[in-house]
Ligand code: F6R
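In the numbering used here, the protein residues as written are 2 to 618.
In structure tokens:
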């Protein structure tokens, strides 16, 4: 959603805040703004649009010497993405400024109450209502801190907020409820931000704020207090191992391309230390029983990873598995038994619906396993056990390497459960071999996959709609391919189980409605080949991801033995185990969407209307 950065220390704050916002822009990019103390008051500068517009406005400001300041990059929830709705928001008397990520659900009630008392608002936002409430509380509260806390105790919903006030120009106050916020602690300086990359060049010492906590931040230190009674809390900073290079583009044109190309390393890191002597080691789970049933809950790309893994969790792990969209699960009043386990998958670990699903499961007495990328995220902290994907920071709004790492870890989880249940060893060692082959296969094939993707993107750039078709685990990959195409290039795309086409959707097929088919060398292949024939018989153009037969392959090998249709655009992947092939098909789909979006001149890393880390409903 929105991104927040605040700084107090010995350096000029404004350039540092702008730099932090640049690294947080992936979280939202409708408008941005910053605040700093100046001449006994607060100066607020805001601009609609991308961060460059704010930078232009700041460039003409004289005397940017303040050493405390805060900034915000917005993804609109309340009110249009125009300047008056951009953050920071001030109270009527301009005594304080507030930046906010989240939604104050009872803001209308607060706003009406303040309006009845004569308050006039400049914006349509929930944030301004909160800023005005703090200012009103300040009239009777003994301190600014107390006024801040009193107002927040009334707020319902989700928030991460940072406040500056003219009366204490070198101090910031921060608090969170169901939205990420953390402190970065340096020597004689302190940061507060929505995400670690915002301050990574300056410090790797991080303090994670918890729900219901308030922080007071100034150059010479920081304090943590309980929101309820302002009792002090003690917490040590944690050291974060990420480095700056991991959060930079590294010579690639876009973060998305860099992150796709990182996938060989991501799979290798995921495997490292987790397999020994043919056994999968997941010590994080050793104290939990093998569940009677696994409910996999996630959103978007993380959901597709769960859908892909379902076959393995059941077939290899021997655990019945359902896969659900978090925003549906949480409101469905699911019947959950205590011996079931809920597996929540989330790159960010902050997705509001997934977090709510976790809390629902815990309230029903179920154990929850989190599969997350961001260390110390809300889901990671609230789950009974957490498996970290270790993919490193994912900056591009469209998720790529995170899915690859989730798939790798889910394969390990399936084998791990299978081993604990004493299921057959030969299949699991074939799967482990196939997984170990992935990093090298990816490294060797990514360049040619990109070339083919670029050629096909140019050929099909005029299409208005696409089908993505697959069966079995490849159905989940088809869903992911369609998601990537629509979110990046704004071309309509639908992922379908190939066998469903004949039940209606095939009516749409004509020479201008192409299909992207996953025809991998797995047991579903014969059926998929006949689905391709059905589409081509209606003059639909087909791109088919297929695998080459190795020279001298036995006659009963699936593809060689089948009369395969003449596909318009066969896109050959190397012959490999179906598991390895899935890890090659994923970047093929990602690269096709990447090249299409780039060719069409779309904003690859920051597609319109989207935000990384969806911390609102
Ligand atoms: C798509 C994408 C989203 C996320 C979804 C869940 O490219 O990035 O669909 O996968 O918002 O996010 P996490 O995994 O952070 O819970």
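Even glycine gets a Cβ: it sits at the ideal position worked out from N, Cα and C.
Every value quoted in this text rests on a predicted model; they were computed, and no experiment measured them.
From residue i to residue j, what distance separates their C-alpha atoms?
| i | j | result |
| --- | --- | --- |
| residue 49 | residue 94 | 23 Å |
| residue 323 | residue 498 | 17 Å |
| residue 17 | residue 176 | 21 Å |
| residue 129 | residue 578 | 56 Å |
| residue 192 | residue 106 | 28 Å |
| residue 251 | residue 259 | 7 Å |
| residue 571 | residue 545 | 5 Å |
| residue 502 | residue 327 | 26 Å |
| residue 197 | residue 484 | 27 Å |
| residue 411 | residue 314 | 8 Å |
| residue 329 | residue 339 | 20 Å |
| residue 556 | residue 523 | Residue placement at residue 556 is poorly supported in this model, since its pLDDT is 43, which falls under 50; the coordinates still yield a value, given next. Cα to Cα, the separation comes out at about 16 Å. |
| residue 92 | residue 612 | 28 Å |
| residue 467 | residue 516 | 6 Å |
| residue 510 | residue 307 | 29 Å |
| residue 86 | residue 132 | 13 Å |
| residue 141 | residue 151 | 11 Å |
| residue 575 | residue 465 | 30 Å |
| residue 71 | residue 101 | 11 Å |
| residue 378 | residue 386 | 13 Å |
| residue 460 | residue 88 | 43 Å |
| residue 181 | residue 54 | 26 Å |
| residue 285 | residue 420 | 15 Å |
| residue 535 | residue 500 | 11 Å |
| residue 563 | residue 527 | Residue confidence is low: residue 563 scores 49 on pLDDT, short of 50, so the model does not pin down where it sits. No coordinate-derived value is stated. |
| residue 255 | residue 395 | 12 Å |
| residue 171 | residue 302 | 42 Å |
| residue 125 | residue 449 | 50 Å |
| residue 604 | residue 139 | 44 Å |
| residue 645 | residue 9 | With the chain covering 2 to 618 only, the question about residue 645 has no answer from this structure. |
| residue 596 | residue 143 | 59 Å |
| residue 560 | residue 269 | Low confidence applies to residue 560: its pLDDT is 48, below 50, so where it sits in the model is not reliable enough to give any reading. |
| residue 589 | residue 67 | 49 Å |
| residue 345 | residue 299 | 6 Å |
| residue 552 | residue 566 | Residue confidence for residue 552 is low, a pLDDT of 49 falling below 50, so the modelled location carries little weight and cannot support an answer. |
| residue 600 | residue 219 | 47 Å |
| residue 80 | residue 38 | 27 Å |
| residue 506 | residue 28 | 35 Å |
Following the continuous alpha helix (DSSP H) through residue i, name the residue where it begins and the one where it ends.
| i | result |
| --- | --- |
| residue 139 | 127 to 139 |
| residue 149 | 145 to 155 |
| residue 581 | 579 to 600 |
| residue 57 | 52 to 60 |
| residue 93 | No alpha helix (DSSP H) contains residue 93, which DSSP labels as neither H nor E. |
| residue 193 | Not the alpha helix (DSSP H): residue 193 falls in the beta strand (DSSP E), residues 190 to 194. |
| residue 115 | 108 to 117 |
| residue 607 | No alpha helix (DSSP H) contains residue 607, which DSSP labels as neither H nor E. |
What is the C-beta distance between residue i and residue j, in whole angstroms, given that I count them as a contact (C-beta under 8 Å)?
| i | j | result |
| --- | --- | --- |
| residue 361 | residue 331 | 5 Å |
| residue 607 | residue 261 | The Cβ separation is near 16 Å, so there is no contact. |
| residue 167 | residue 42 | 5 Å |
| residue 96 | residue 30 | With a Cβ gap of about 29 Å, residue 96 and residue 30 do not count as contacting. |
| residue 98 | residue 45 | 6 Å |
| residue 317 | residue 428 | 7 Å |
| residue 223 | residue 184 | 6 Å |
| residue 403 | residue 474 | That pair is no contact at about 18 Å. |
| residue 369 | residue 359 | 5 Å |
| residue 161 | residue 195 | 6 Å |
| residue 586 | residue 486 | Wrong, their Cβ atoms sit about 14 Å apart, outside the cutoff. |
Which residue comes first and which comes last in the beta strand (DSSP E) that contains residue i?
| i | result |
| --- | --- |
| residue 548 | 543 to 548 |
| residue 572 | 570 to 574 |
| residue 423 | It is not in any beta strand (DSSP E) - residue 423 carries neither H nor E in the DSSP assignment. |
| residue 142 | Where residue 142 is concerned, there is no enclosing beta strand (DSSP E), given that its DSSP letter is neither H nor E. |
| residue 169 | 169 to 178 |
| residue 69 | 69 to 75 |
| residue 162 | 158 to 166 |
| residue 621 | In the structure as shown, the chain starts at 2 and stops at 618, and residue 621 therefore has no counterpart that could be examined. |
| residue 101 | 97 to 105 |
Is the CB of residue i under 9 Å away from at least one CB in chain B?
| i | result |
| --- | --- |
| residue 514 | The displayed structure is made up of one protein chain only, and chain B is not part of it. |
Return the chain-ordered ranges of every alpha helix (DSSP H) run that is complete within the segment 460 to 539 and spans a minimum of 4 residues. Annotation: the segment 460 to 539 contains the following complete segments of the alpha helix (DSSP H) (minimum length 4 residues), in chain order: 474 to 490, 526 to 538.
Pick out the complete beta strand (DSSP E) segments inside the segment 197 to 276, 3 residues or longer, and give them in chain order. 206 to 209, 214 to 219, 222 to 227
Give, in chain order, every unbroken run of the alpha helix (DSSP H) that is at least 4 residues long and sits entirely within the segment 291 to 367. 301 to 316, 327 to 330, 353 to 364, all fully within the segment 291 to 367.
Mind listing, in chain order, the continuous alpha helix (DSSP H) runs of no fewer than 4 residues lying wholly within the segment 8 to 44? 14 to 25
Curious, which full-length beta strand (DSSP E) runs of at least 3 residues does the segment 371 to 416 contain? 386 to 389
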